[in-house]
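Asker:
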Amino acid sequence: MRFLSDQPHPSPDQVLYHRFTVDLGSGDIRAEEIPCQNLEDVLGGFGRSFQILENHDVKEAYHRNNPLIVNTGILTGTTVMTGLRTYFSAYSPLKSSNKGLPAAIWSAGSGKFGSILKWTGTDEIIFNYRSPTPVLALIQENADGPSLTLKPAHHLLGLDTHEKIMALQKEYPDAHFAVIGPAGENYKNVYYAAVAMSTVNQLKSGDDKCRFAGRGGMGSMMGYKNLIALVAQCKDKLGKLTPTVRDVNREIARGPGSKKFRDQSKGGLGGTWSNYQPLQKAYVLPENNFRPKGHDLPERLYRENQEAAYVIKDESCFRCGINCHKNIYERKPDGSKGEFRAKFDYEPLDLLATNLGIHDAEQALRLVRIVDNMGMDSISCGTTLSYVLDYNERHPEHSIFNGATFGQFDAIFELIEMTGRGELPEMGRGVKRLSEKMGEPDYAMHVKGLELPAYLPDTNPGYAWAIAGGHMSMATFLLLVMENDTTLDYWVKAITERGLYQVRDDLIGSCKFAGMNHAAALQAIQGATGLELSEDELLAAVRRAYLRGLKLERKQGYEMGDYTLPAQVFEEPNSKLETPHFITREFFSELRDRVWAVFDPEIQAL
Amino acid sequence: MTVRIALPPLFSERIGGRGAVDLTAPTVRAALVKLGESYPDLNSLLWRSGDVVNPFLVVFVNDQDIQSHDGLDTPLHDGDEIVVVTSLEGG
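These protein sequence lines map, in sequence, to chains A and B.
This note's numbering puts the first sequence at residues 76 to 681.
This note's numbering puts the second sequence at residues 811 to 901.
1) Any idea which residues DSSP pairs S124 of chain A with across the strands?
2) Between the C-alpha atoms of A816 of chain B and V831 of chain B, what's the straight-line distance to the nearest angstrom?
3) What separation, rounded to the nearest whole angstrom, lies between the Cα atoms of G65 of chain A and D485 of chain A?
4) Rounded to a whole number of angstroms, what is the C-alpha to C-alpha distance between G294 of chain A and N448 of chain A?
5) Counting beta carbon pairs with one atom in the region 111-122 of chain A and one in the region 600-616 of chain A, are three or more of them shorter than 8 angstroms?
6) Please name the residue, chosen from B:L842, B:D888, B:S848 and B:L886, that lies closest to W857 of chain B on a Cα-to-Cα basis.
7) Taking the alpha carbon of G330 of chain A as the point to measure from, which residue in B:V838, B:N872 and B:H887 has its own alpha carbon closest?
8) Between which residues of its own chain and I592 of chain A is the CB-CB distance below 8 angstroms, once the five residues before and five after are set aside?
9) Residues bridged to W181 of chain A by DSSP?
10) Could you pull the start and end residues of the beta strand (DSSP E) that D675 of chain A belongs to?
11) Take E405 of chain A and list the residues in its own chain whose beta-carbon comes closer than 6 angstroms to its own, dropping the five residues that flank it on each side.
12) So, for K401 of chain A: in the same chain, excluding its five sequence neighbours on each side, which residues have a beta-carbon less than 7 angstroms away from its beta-carbon?
13) Of all the residues that make up the region 812-828 of chain B, which are near chain A by a beta-carbon distance shorter than 7 angstroms?
14) What residues from chain A crowd round D873 of chain B, counting only those whose CB sits closer than 7 angstroms?
15) Which full runs of the alpha helix (DSSP H) of 4+ residues lie inside the region 557-640 of chain A, going along the chain?
16) Could you tell me the boundaries of the alpha helix (DSSP H) in which Q352 of chain A lies?
17) Please name the residue, chosen from A:Q631, A:S273, A:I214 and A:G590, that lies closest to A178 of chain A on a Cα-to-Cα basis.
18) Flag V893 of chain B as yes if its beta-carbon sits less than 7 angstroms from any beta-carbon of chain A, otherwise no.
19) Scan the region 274-321 of chain A and note each continuous beta strand (DSSP E) run of 3 residues or more that stays entirely inside, going in chain order.
20) Let me confirm a value: G291 of chain A is counted as buried when at least 16 other C-beta atoms fall within 10 Å, else exposed. Which label applies?
21) Taking C-beta pairs closer than 9 angstroms, name the residues in chain B that Y81 of chain A reaches, listed in chain order.
22) Within a Cβ cutoff of 7 angstroms, which residues of the same chain sit near D282 of chain A, ignoring the five residues on either side of it in sequence?
23) Does any residue of chain B have a CB that is nearer than 7 angstroms to the CB of K401 of chain A?
24) Does the beta carbon of S904 of chain B sit closer than 7 angstroms to a beta carbon anywhere in chain A?
25) If you measure beta-carbon to beta-carbon, which residues of the region 539-562 of chain A are closer than 7 angstroms to chain B?
26) Assuming V270 of chain A is part of the alpha helix (DSSP H), what are its boundary residues?
27) Please compile the residues from chain B whose C-beta is within a distance smaller than 9 angstroms of the C-beta of Y530 of chain A.
28) So with CB distances below 9 angstroms, who are the chain B contacts of P408 of chain A?
29) When burial is assigned at 16 or more other CB atoms within 10 Å of the CB, is V673 of chain A buried or exposed?
30) Indicate whether at least one CB of chain A lies closer than 7 angstroms to the CB of S897 of chain B.
31) Grab the span of the beta strand (DSSP E) containing A448 of chain A for me, first residue to last.
32) Look at the alpha carbon of E823 of chain B and the alpha carbon of E610 of chain A, and state the distance between them as a whole number of angstroms.
33) Answer yes or no: does any C-beta atom of chain B fall closer than 7 angstroms to that of G332 of chain A?
34) To the nearest angstrom, report how far apart S650 of chain A and Y538 of chain A are at their CA atoms.
35) Using the rule of at least 16 other Cβ atoms within 10 Å of the residue's Cβ for burial, across every protein chain shown, is D888 of chain B buried or exposed?
36) In terms of DSSP beta bridges, what is W857 of chain B paired with?
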């Protein structure tokens, strides 16, 4: 980005960002500096990309008119800790309205790719149309600015995510990468393929420790465009650490906001994996397709119960002091660290183990790893799988696919492999389409066509207003457990006044695990870029960006009936849960009216 | 005893973005009660049924979990820092 003014509060058009527009069909590449039109443009991420998508009429995701936008946030590549995010935005092949139109979505990931991309001088790339042959995009820094070149990528086809990254490292030793796996290559039959991004640890150790932009099928979009990889190559250009940013970083590394995600040996609570205990105690840990049984089997996967069998290391993305990655290694007879096995973050662990009836760590490791290697979103893959297992348990005489039911590891593993290879299109196209085809949508765990993360819909009516993933774009998913409030007033406020600001980090380029409050985020922006904003200005921009997401849903045919929860929540309350059953159809209907009464006038005023 | 209570975003978003609150209290319990009196919007996060602290909170004093001391009755000293953390966060 380039500031034309040295004023601390320039007008948006005094801030320029660098964009490549790539015509993958013809190979034409245009580079330009674009003046920002508003604060959302300045902040970046989906705040900018959704304004671009707003101007595209797209009826099918796999269509030449659907652009894939890769961009960063204002903090990406700065000295602010966790300022590492890369955003992928497009109309999703997965998330769609009941009318069948694709919804706009973004997905974010860390690693070091975003920083390198930013250091080449590139803020955004729009990939239009489709390449006739497999290509990779090489983004480099030259004497006269950034350059982008399309190169053949046939040699990468068939490799898994990690293999692609390691192969590319041999060709471009000082670069970082964003790649798709076999699932992305089989985009026609896999709508939830992810984008894998390289980490410093991965390139150094040779272990498959990618980070993923998983939600909404952005890897499938890369596959559709025949764009197999992005390579960003540039020397490290980390700026000078200012005293302000140093303070912010100290707060991120040691403050209360990230304490949950830090290692226990560093005074933290041990990361998202440690959600297992409190959720299991209240029997709201998703099990067997989001239907907790009220027994203690899930406790086998508590971290404390795996410490003896494995070496568990808390590792990090580039320069991050939080160390949220919980990487599992074999434990050698002498107690030292052996071979890397997989990572155990809460979402993949629950959705690819406990929620599939798997309670064995060794099996869980293999399931988590195969999904990563295939390059699929573990949330969408896991939640679609749990529906299949549930269906088969309900219909032993008319089972689907290989007949797998809960706890059948070998059969589940086979389903994942076949899905990643594109051999099970019904499974690969997500739970909404599959459940509608089977005629049993009531226990399909999705909202608006996107599979639910590992928090029960029975506890969160706010899912209906999440715009890009149930827990990443509406912060209401743990409130019932935390506060136990079931009043309408509470939930209206939670959604319209607080929950939506969860998406702030999806503009500015920082990670939610940094736990920055808004004051700290403003301090980070000022310290890293000199830009001074008020909290009101920041929050107004975030709110506009969020509301634009709802507006885009309407543009794609979303109607009142799309904003709902799986019918099982209303019709079959689970008596095992220790949380109250309060989401009745009447409650939800009234909530919907009151939430829209707040949002509707604001959407119309955009 | 004048102490500082550092709060996670779930709390600070309800009290105008304030990330920390300074107050005077002899014990952790008294400090949390006072916090709730000053900011009633936090009471539903802090307490369950009367004076039982929310089981999904973990409270530290000077980086030590109060459960390894006297729980809510842990005495405070001038300059102590209390950190309130939610044991549930997503991602």
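From the three backbone atoms N, C-alpha and C, an ideal C-beta is built for every residue, glycine too.
Owing to the predicted nature of the structure, the values given are computational and were not obtained by experimental measurement.
Answerer: Let me spell this out:
1) Here residue 124 of chain A refers to the residue found at position 49 when the first sequence is read from its first residue. Bridge partners of S124 of chain A: none, in fact.
2) In the second sequence, counting from the first residue as 1, residue 816 of chain B sits at position 6. In the second sequence, counting from the first residue as 1, residue 831 of chain B sits at position 21. So the two alpha carbons sit approximately 7 angstroms from each other.
3) As shown, chain A starts at 76 and ends at 681. That puts residue 65 of chain A outside it, with no answer to give.
4) Walking along the first sequence from the start, residue 294 of chain A turns up at place 219. Walking along the first sequence from the start, residue 448 of chain A turns up at place 373. When rounded, the distance between both Cα atoms is 13 angstroms.
5) Yes, since at least three Cβ pairs between the region 600-616 of chain A and the region 111-122 of chain A fall closer than 8 angstroms, the two stretches touch.
6) Along the second sequence, read from residue 1 onward, the residue named residue 857 of chain B stands at position 47. If we check each option's Cα against that of W857 of chain B, B:L842 comes out closest.
7) By 1-based counting over the first sequence, the position of residue 330 of chain A is 255. That would be B:N872, whose Cα lies nearest to the Cα of G330 of chain A.
8) Taking the first sequence and counting its residues from 1, the one referred to as residue 592 of chain A is at position 517. A small fix is needed here, since residue 592 of chain A is Asn in this sequence, not Ile. Within the same chain, N592 of chain A has close Cβ partners G332.
9) As a working note, residue 181 of chain A is residue 106 in the first sequence. A:S164, per the DSSP bridge assignment.
10) Along the first sequence, one-based indexing puts residue 675 of chain A at 600. Run containing D675 of chain A: none in the beta strand (DSSP E); it sits in the alpha helix (DSSP H), R660 to A680.
11) Numbered from 1 along the first sequence, position 330 holds the residue referred to as residue 405 of chain A. Within the same chain, E405 of chain A has close Cβ partners G413 and E414.
12) Within the first sequence, numbered from 1, the residue matching residue 401 of chain A stands at position 326. Correct list, in chain order: G346, W348, I387, D389, K418, F419 and D420.
13) Under the 7 angstroms Cβ criterion, the region 812-828 of chain B contributes A816, L817, P818, P819, S822, E823 and G827.
14) Sequence index remark: in the second sequence, residue 873 of chain B carries index 63 (1-based). Ordered by position in chain A, the residues that pass the 7 angstroms Cβ test against D873 of chain B are G342.
15) 563-568, 580-583, 593-604 and 610-630
16) Along the first sequence, read from residue 1 onward, the residue named residue 352 of chain A stands at position 277. Note, Q352 of chain A: alpha helix (DSSP H), Y351 to K356.
17) Start at 1 with the first residue of the first sequence, and residue 178 of chain A comes out as number 103. If we check each option's Cα against that of A178 of chain A, A:Q631 comes out closest.
18) In the second sequence, the residue the question calls residue 893 of chain B occupies position 83. With 7 angstroms as the cut-off, V893 of chain B counts as an interface residue toward chain A.
19) 286-288 and 302-308
20) As a position in the first sequence, residue 291 of chain A is number 216, starting the count at 1. Buried, since its Cβ has 16 or more Cβ neighbours within 10 Å.
21) Position 6 of the first sequence, counted from the start, is the residue given in the question as residue 81 of chain A. For the sequence presented, residue 81 of chain A should be read as Asp rather than Tyr. Per Cβ cutoff of 9 angstroms: no residues; D81 of chain A is ~28 angstroms from chain B at best.
22) As a position in the first sequence, residue 282 of chain A is number 207, starting the count at 1. Counting only Cβ-Cβ distances below 7 angstroms, and skipping sequence neighbours, we find F415.
23) Residue 401 of chain A sits at position 326 when you count from the first residue of the first sequence. Between K401 of chain A and chain B, the shortest Cβ-Cβ separation is not below 7 angstroms.
24) The structure shown does not extend to residue 904 of chain B, since chain B is modelled only from 811 to 901, so the question has no answer here.
25) Near chain B, meaning a CB-to-CB distance below 7 angstroms, the residues of the region 539-562 of chain A are H546, F552, L553, V556, M557, E558 and D560.
26) By one-based count along the first sequence, residue 270 of chain A stands at place 195. Counting along the chain, no alpha helix (DSSP H) covers V270 of chain A; the unbroken beta strand (DSSP E) around it starts and ends at V270 to M272.
27) Reading the first sequence from its first residue, position 455 is the one you call residue 530 of chain A. Going along chain B in sequence order, the residues near Y530 of chain A (Cβ under 9 angstroms) are G900.
28) Here residue 408 of chain A corresponds to residue number 333 of the first sequence, with the count starting at 1. What P408 of chain A touches in chain B: nothing, since even the nearest Cβ is about 33 angstroms away.
29) For the purposes of this step, residue 673 of chain A is identified with residue 598 of the first sequence, where counting begins at 1. Burial check for V673 of chain A: the Cβ neighbour count within 10 Å stays below 16, so the residue is exposed.
30) Looking up residue 897 of chain B in the second sequence gives position 87. Yes, its Cβ sits closer than 7 angstroms to a Cβ of chain A.
31) Mapped onto the first sequence, residue 448 of chain A falls at position 373. With the sequence shown as reference, residue 448 of chain A is identified as Asn, and Ala is not the correct amino acid for it. No beta strand (DSSP E) holds N448 of chain A; the alpha helix (DSSP H) holding it covers A436 to M449.
32) As a working mapping, residue 823 of chain B is identified with position 13 in the second sequence. As a working mapping, residue 610 of chain A is identified with position 535 in the first sequence. Going from the Cα of E823 of chain B to the Cα of E610 of chain A covers about 12 angstroms.
33) To locate residue 332 of chain A, count along the first sequence from 1; it is residue 257. Put simply, the CB of G332 of chain A is near chain B, with a gap under 7 angstroms to one of its CB atoms.
34) Within the first sequence, residue 650 of chain A is the residue found at index 575, counting from 1. Within the first sequence, residue 538 of chain A is the residue found at index 463, counting from 1. In a straight line, the C-alpha of S650 of chain A is about 21 angstroms away from that of Y538 of chain A.
35) Looking up residue 888 of chain B in the second sequence gives position 78. By the Cβ neighbour-count rule, D888 of chain B is exposed, with fewer than 16 other Cβ atoms within 10 Å of its own.
36) The sequence position of residue 857 of chain B within the second sequence is 47, counting from 1. Answer is B:V863.
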